[in-house]
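K.L.:
Sequential numbering from 0 applies to the sequence shown in numbering that gives the first Met the number 0. The beta-carbon is built from N, C-alpha and C at its ideal position, and this holds for glycine as well. Since the structure is predicted, the reported quantities are computational estimates derived from the model, not experimental observations.
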Amino acid sequence: MTDATIHSACARGDIDRVRGLIAADPAVVDADDEHQWRPIFHAALWRHVDVVRLLIESGADISAHDGYVLHYGAEVPDNKAIVTMLVQHGALEAHVRPTSDLSRQFLVALYFGQTQRVKAMLSRHPHLATETDGIG
0 MTDATIHSAC ARGDIDRVRG LIAADPAVVD ADDEHQWRPI FHAALWRHVD
50 VVRLLIESGA DISAHDGYVL HYGAEVPDNK AIVTMLVQHG ALEAHVRPTS
100 DLSRQFLVAL YFGQTQRVKA MLSRHPHLAT ETDGIG
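1. Quick one: grab the DSSP three-state call for Ala59.
2. By the 10 Å Cβ neighbour count, where 16 or more other Cβ atoms means buried, how is Gln115 classified, buried or exposed?
3. Run through the segment 15-55 for me and flag every whole alpha helix (DSSP H) of 4 or more residues, listed as ranges in chain order.
4. According to DSSP, is His88 part of a helix, a strand, or is it coil?
5. In the structure shown, what three-state DSSP assignment does His124 receive?
6. Within 10 Å of its beta-carbon, does Gly112 have 16 or more other beta-carbons around it, so buried, or fewer, so exposed?
7. By the three-class DSSP mapping on this structure, what secondary structure does Gln113 have?
8. My understanding is that His41 touches Ala22, with C-beta atoms under 8 Å, so please give their C-beta distance in whole angstroms.
9. Pick helix, strand or coil for Thr98, following the three-state DSSP scheme.
10. For Arg52 and Met84, which I take to be in contact (beta-carbon distance under 8 Å), what is that distance rounded to the nearest angstrom?
11. Under a three-way DSSP split, which group does Thr129 fall into?
12. How would you call Thr98, buried or exposed, if buried means at least 16 neighbouring beta carbons within 10 angstroms?
13. Taking its Cβ as the centre, do 16 or more other Cβ atoms sit within 10 Å of Ser141, making it buried, or is it exposed?
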């Protein structure tokens, strides 16, 4: 089962396997497991920074389930690099409060010139091209 495979690969930090699964099926970045946890949660929980980065660059919806799953993953001790990355990409606010505003994450990616993430987000969520961020 592909869903279990990507979750296991993320938990192990097997970036080559994760990369291959994403290449075969880009939607797998947002596959829920039996607990409604996404691949990025498993990677964050086990502190696999490179896997978290790959999932973000591949367009993972870091606001899934209101962002609370990533909030818990960010609370893991010694997870500063991942928390910093999640804050930079708009998944968590500076005080580790989750956000579910996908348009804000998109604007953060635009602001930081993260071309690959912008393209991945637009391919998975085309409405972001015309949606406002709630501010204007």
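P.N.:
Reading off the structure:
1. DSSP, reduced to helix, strand and coil, places Ala59 outside both helices and strands of the structure shown, so it counts as coil.
2. Exposed, by the Cβ-count rule.
3. Runs of alpha helix (DSSP H) with 4 or more residues, each lying fully within the segment 15-55, are found at 38-44, listed in chain order.
4. His88 carries a coil assignment under DSSP once its states are collapsed to helix, strand and coil.
5. It is coil, neither helix nor strand.
6. When all chains shown are included, Gly112 counts as exposed.
7. Reduced to three states, the DSSP call for Gln113 is coil.
8. Contact between His41 and Ala22 fails: their C-beta atoms lie close to 19 Å from each other, not under 8 Å.
9. Annotation note: pLDDT 49 at Thr98 (below 50); position unreliable, coordinate value reported separately. Three-state result, Thr98: coil.
10. Right, their Cβ atoms sit about 7 Å apart.
11. In this structure, Thr129 counts as coil in the three-state DSSP scheme.
12. Unreliable positioning characterises Thr98 in this predicted model, as indicated by a pLDDT of 49, which lies under 50. The coordinate reading is nonetheless provided below. Buried, by the Cβ-count rule.
13. Nothing can be reported for residue 141, as the shown portion of the chain is limited to 0 through 135.
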